[in-house]
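Below: one structure, written as structure tokens.
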Amino acid sequence: MPALIPTEYSATITWLGVTPDRGETMCSEARDAVDLAYEGIRDEARSGLTRLSCPRVSNQYPQGTEIRNVRQLSVLSAEELADVAKALELDQIDPAWLGASMIVEGIPNFTHVPPSSRLLAENGTCLVVDMENRPCNITGREVERARPGHGIRYKQAAQGKRGVTAWVEHIGHLEIGDQLRLFVPAQPDWGVARG
């Protein structure tokens, strides 16, 4: 039996973006299409086979340790993004403010798809979901810069709705309008309480 099970869910890519230089801003710039290499989106600030560890993995490594880059892309749900905008009393949130790589539409509860799930395009391009991308103060500051008075509440409003990080399993080309089929790992619930 295959280790990955196809689901009934497919997502449509509704937005693509690249972050050219994280030293300047984490905001991304909209694109109609992106080319994906094993390092991530070509010519993008988050690309690379490795990265320096950050506070997210401080229980495992001292900050600045070279580790595998499983945070090549930031993928968010259009539906969840709309929920966050509503909670912040905004008409919409521009994905660029959040440094998004991709916005998808059509997979319910997207932020909580299981780690190691695959998003497979019809042309064979494939992304592996690393894990939930937790909201942070940095993105809140970008929202605040764009819409003063709203970014201060972003981190709380986006809990459980910030999307996922992902890495490239198979290279290719993606465009707005492409369909991504969701495959999930074939495994039982671990059933162990978190400590």
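Throughout, this note's numbering is defined as the position within the sequence shown, counted from one, plus 1189. Backbone N, C-alpha and C fix where the C-beta goes; we use that ideal spot for every residue, glycine too.
- Apart from the 5 residues on each side of it in sequence, I1327 sits with its Cβ closer than 7 Å to the Cβ of M1215 in its chain, given in chain order.
- Each of E1364, P1377 and P1374 was checked against the Cα of T1201, and the nearest Cα belongs to E1364.
- The closest CA to that of I1194, considering only W1286, S1242 and P1303, is found on P1303.
- Secondary structure remark: continuous alpha helix (DSSP H) runs of at least 4 residues inside the region 1282-1348, in chain order: 1326-1335 and 1343-1346.
- Sequence-distant partners of L1277 (beyond 5 residues in either direction) whose C-beta falls short of 7 Å from its own C-beta, in its chain, are H1339, R1342, Y1343 and A1346.
- In this structure, the alpha-carbon of T1354 lies about 5 Å from that of S1263.
- Under the three-state reduction of DSSP output, V1259 falls in the coil class, being neither helix nor strand.
- If you ignore the 5 residues before and after I1230, its C-beta comes within less than 8 Å of the C-beta of V1207, V1223, D1224, S1236, Q1261, L1262 and S1290, all in its own chain and listed in chain order.
- In the structure shown, E1269 falls within a helical segment according to DSSP collapsed to helix, strand and coil.
- Selection R1370, R1336 and M1320 evaluated against R1351 yields M1320 as nearest (Cα-Cα).
- A distance below 6 Å between beta-carbons, with the five flanking residues on each side excluded, links R1240 to the following residues of its chain, in chain order: N1258.
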